[in-house]
Structures are given as structure tokens and as C-alpha cells.
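In the numbering used here, the protein residues as written are 11 to 337.
Structure record follows, encoded as C-alpha cells.
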Amino acid sequence: MLSVMKAMRKFGLDTADAGGEADVAVPGAAKRLYDHVKNLAVAVAAWNDDDFSDTKPILSATLPTGERVQFVRPPACLKGTISMTIRRPSFEVRTIDSYERSGFFDRIAPVSTTRPGDEELKALYEGMLDEMLSQADRIRARRTFLTRAVELGRTIVIAGGTGSGKTTFMKALMQHIPTESRIITIEDVPELLYGLPNHRNQVNLLYPSEADERSTVNASKLMKSCLRMKPDRILLAELRSGETYDWLNSVLSGHSGSITSCHANNCTAVFDYLALKVLQSETGRSLPYEHIRRLLADVIDVICHIQNDHGERHITEVYFRGAGSCA
């Protein structure tokens, strides 16, 4: 533990992550540490007058030296694994002059609603149904649009009925997330992790299928926990209840690039379905319905609807916020 803290201070790191079976992801200073993490977590819990056990598997605490730490153990993650994230507070004090010398003010640009990659995605989107293109070129535009949307960090919702293949297609898209990304998966059945064979820096969080808002571990609590784990991408297997509010809050707070799924009959219905789910949360139920729907429209970049026609699964339509319509 001390060696990790020393490495963080030496290299000016503000976060160190330990997850999986034993790997600690500290750039330039990796070390096998898993055998000590469980005992460390128990000690940190005691220092904070808290508990870390099977019945309380999520711990948010502060170390005696001021660092904030997040621990997760089974049953809130895979059996035989434990996750630890250390966040070092900044004690640096800088002047405005030092910011100017470092070029802090050099790149301010006018506020724009467009993002890098928007024009590329729009061209691909328009090519999906362009009758001037061959069928092969239209199909290529459709698959490339979806994979590039993942690569560019767009927020994606996969919709469809039960058995339509949402999770399976989600795993296919996940493979296009840049491999250097730190990924947190949240699900009730461990499936998504199999869609990340090449992503070393991942934490797989689990909640019971029967969990409700009173449960020790549920999707909402795991959403809140993962925000303290410095994720690049949050992959929530399905939005089905009040955790939709926490998911929406995470995307609004800057965690774009999420991929998730929900039940809906078409792309347009996704906004209504998710708005109703936000209203099921204790906090979200006080928000006006139209306000929730507008927020969803502001953060969801792509919706892909899948249908199962007697065993033949296919995409029926794709919504792209940059075009404001479905193809």
C-alpha cells in the first residue's frame, strides 16, 4: 500500500485502481497487491467506524493521510475479486499567473454544440438509406456508423423486446471501445465482461436480480459507487427501474460513452420508457415529466432498435441525435 502511495506522489498521479484478480493499474508502477487488499479494506473500514463485509460490500472511506478510497467486494463484484480505487486530493495551490504561463487560457473557443466526429457520423448516417448507394455500401455505412459511434464515445441505448438479442449485440459493440479505457460494467448476471476480452482495466460490478431500492446492493448503489472509481465508460446492462435516474445523472455529469439497453417497441418510445423509469426513483419522481424527457434527448446520441422475427434478429431502425431523426 505504501509503495502505491509513494508511486502516486512521485509521478503526480491522482488515481490508482486495483481490480480483477490481482492487477494494480498504476501507470509506470504496477505491482501485485491483491493479497493485501481485503485486509487493508477491513482496516480502513475500522478507521472510519464503518464495516466492509459480505453484507456491506461497498466501502467509501478516507485514509489517514487524506486520500479517498473506494472498495468493492463480492457479492457486489465477481467472486474471487476485489476492487480498490484510491483518489489523491490535490494540495497544490496555483496563481492565475502560473495558469497563464502554462497555456491554460490558450485554447478557449466559442461554445459549440458540435463535437469532433459529428460530421463523419452524420455522413455515415445519411448513407444508411441513400438509394444512390449500392446495398453493400448502405450496409457498410450502417455498421461503420455504429462502431464509430462507440469509438468516438457517444452514448448509446440498444432497445428491443425480450429475447431480441440486445445484450449480445451490446457485447459486439463494446469490443470497439478503445482498449486503454477504464471500464465499469454493472449487471445482475455476468455477461458483459465476456464482451471485453482485450480490455485489461475493467471492474465488473454485480447486483441481485431481485434487488429493490431497500437492498444493500442494487443497480442504483452500484451506479453511485462507480462514479467514485474514475470510469472512462460505464456499461449498464439494462435500464429497468429507478437506476435510470442515476444513469442519466452520470451522463449529464460528463460520463458520456455509456452503452446500455432497455425494453421499447421503437427508437422514439425509448425516451418515454426511460422517462417513466426516472420517475420511479426517489429523487427523480419530483421532476416534471417533460423536463426528464428533454434531458434524455440531450444526452442520448444513438438508439438502435432490434427485433426478433421468429428467430431472425435484425435492426429495424437507428436514431441519431445529430440528425434528429430515425433511419
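Idealized CB from N, CA, C, for every residue including glycine.
Three-state class that DSSP yields for residue i in the structure shown
i	result
lysine 66	strand
alanine 229	helix
threonine 177	helix
threonine 423	Any question about residue 423 goes unanswered here, given that the chain covers just 11 to 337.
histidine 324	strand
isoleucine 106	helix
glutamine 185	coil
glutamate 300	helix
isoleucine 96	strand
isoleucine 149	helix
glycine 127	coil
valine 47	helix
alanine 39	For alanine 39, the predicted model reports a pLDDT of 34, less than 50, meaning its position is unreliable; a value from the coordinates is still stated below. Coil.
aspartate 2	With the chain represented from 11 up to 337, any question about residue 2 goes unanswered, as that position is not in the structure.
valine 121	coil
phenylalanine 53	It should be pointed out that residue 53 corresponds to alanine in this sequence rather than to phenylalanine. Helix at alanine 53.
glycine 163	coil
glutamate 136	helix
arginine 224	coil
leucine 305	helix
leucine 206	coil
According to DSSP, residues forming a beta bridge with residue i
i	result
cysteine 87	Leu215
asparagine 318	Arg323
threonine 195	Asn214, Leu245
isoleucine 168	Ser271, Cys314
valine 79	Ala71, Ile96
7 Å Cβ shell around residue i - same chain, five flanking residues per side excluded
i	result
tyrosine 255	Val288, Ser291, Thr293, Gly294
valine 280	Val167, Ala169, Cys272, Ala274, Ile313
threonine 226	Thr65, Lys66
leucine 305	Leu258, Leu262
alanine 55	Asp61, Phe62, Leu69, Ala71
phenylalanine 179	Ile168, Ile316
leucine 284	Leu249, Thr254, Cys272, Leu306
Sequence-distant residues of its chain with Cβ nearer than 6 Å to residue i (five each side left out)
i	result
threonine 326	His315, Gln317
proline 120	none
glutamate 248	Ser271
aspartate 243	A small fix is needed here, since residue 243 is arginine in this sequence, not aspartate. Ile187, Ser191, Ile193, Gly267.
Neighbourhood of residue i by C-beta, 8 Å cutoff - its chain only, sequence neighbours within 5 removed
i	result
valine 47	Ala28, Phe81, Ile92, Met94
threonine 157	Leu183, His186
valine 328	Tyr135, Met138, Arg152, Phe155, Leu156, Cys277, Val312, Ile313, Cys314, His315, Cys336, Ala337
Distance cut-off 7 Å: residue i Cβ against heavy atoms of the ligand FAD
i	result
serine 122	Among the ligands in the structure shown, none appear at all, so the ligand FAD cannot be discussed.
**OP:** Inspect the CB distances between the stretch 274-291 and the stretch 128-147 and report whether three or more fall short of 8 Å.
**Re:** When Cβ pairs closer than 8 Å are counted between the two stretches, the stretch 274-291 is seen not to touch the stretch 128-147, the count staying below three.
Subject >> At least 3 beta-carbon pairs within less than 8 Å: the stretch 127-136 vs the stretch 313-322 >> reply: No: fewer than three Cβ pairs fall under 8 Å.
**OP:** Could you pull out every unbroken alpha helix (DSSP H) segment of at least 4 residues lying fully inside the stretch 236-292, listed in chain order?
**Re:** 253-262, 277-288, all fully within the stretch 236-292.
Original post:
Pairing CB atoms from the stretch 213-228 with CB atoms from the stretch 69-79, are three or more of them under 8 Å?
Top reply: Contact between the stretch 213-228 and the stretch 69-79 is absent, because fewer than three Cβ pairs lie under 8 Å.
Subject >> Cβ contact (3+ pairs, closer than 8 Å) linking the stretch 228-246 and the stretch 295-303 >> reply: Touching, no, given that fewer than three Cβ pairs across the two stretches are closer than 8 Å.
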